[in-house]
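One structure is given here, and the rest of the page talks about it.
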Amino acid sequence: MIEPSSIDLNLLSVFQEVYRERQISAAARRLGLTQSAVSNALARLRRTFGDELFVRTAHGMQPTPLAQQMAEPIGAAMAQVALALSQRSRFDPATSSRRFTLAMTDVGEVYFMPVLIERCRACAPNVEIASIRANGLTLKDDMETGRVDLAIGAF
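The numbering of the sequence shown is our numbering, which starts it at 13 and goes up by one.
Here it is as structure tokens:
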């Protein structure tokens, strides 16, 4: 059995297109790749699965029995991957209970926080707002790691 983590998902996209199109050139065009890139990907797939997968004939690339057996499960798996990647949870302030951490100066806190908290109570009653002192030296890292969600001020 082949471990799923050992397979490059891009190779499975190539498999799908070659299976669908039955021609390397048409698959390459649909994928936005060169024919050479598709041929190389197909060679990697062949090595991985230990099977030709597709055989060149006068009628195009014909799938082997293994390729025919794998086509439907691969198609279903790729559809699930596409679905998972396209689903983004929408932010609904009325139902969110998320905690937001804001970085700002003490002056910014005095000026912005009262208005922000008042608006949040009205629109997002379960949202929690936390404020930390802005540190220009670590702010970039704090935002990249998720410690800070929003910075207000000049940094």
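C-beta atoms are modelled at their ideal positions from N, C-alpha and C, and glycine is treated no differently. Computed from a predicted structure; not experimentally measured.
By the CB criterion at 8 Å, I144 and A166 fall outside the cutoff. Boundaries of the alpha helix (DSSP H) around Q80: P77 to S98. By the Cβ criterion, the segment 70-80 is not in contact with the segment 125-134, since fewer than three pairs of Cβ atoms, one from each stretch, lie closer than 8 Å. Counting along the chain, R34 sits inside no alpha helix (DSSP H), nor does DSSP assign it H or E at all. L162 carries a strand assignment under DSSP once its states are collapsed to helix, strand and coil. Straight across, the Cα-Cα distance linking S17 with G158 is about 27 Å.
Between V30 and F66, the gap from beta carbon to beta carbon is short of 8 Å. Between the alpha carbons of M155 and L149 lies a gap of roughly 12 Å. Three or more beta-carbon pairs separated by less than 8 Å are not found between the segment 87-97 and the segment 37-47, which leaves the two stretches without contact. Around the beta carbon of M73, 16 or more other beta carbons lie within 10 angstroms, which makes this residue buried. Nearest neighbour of E140 by Cα position, chosen from T113, R102, I164 and Q47, turns out to be T113. With a cutoff of 8 Å on beta-carbon distance, R56 and L23 are scored as near each other. Shown here for I86: same chain residues with a beta carbon closer than 7 Å to its own, the five before and five after excluded, namely L24, F27 and Q28 in chain order.
With distances taken between CA atoms, A89 lies nearest to I19 out of P105, I19 and D104.
DSSP places R58 in the uninterrupted alpha helix (DSSP H) bounded by Q47 to F61.
In summary, I14 is exposed, with fewer than 16 beta-carbon neighbours lying within 10 Å of its beta-carbon over all protein chains present.
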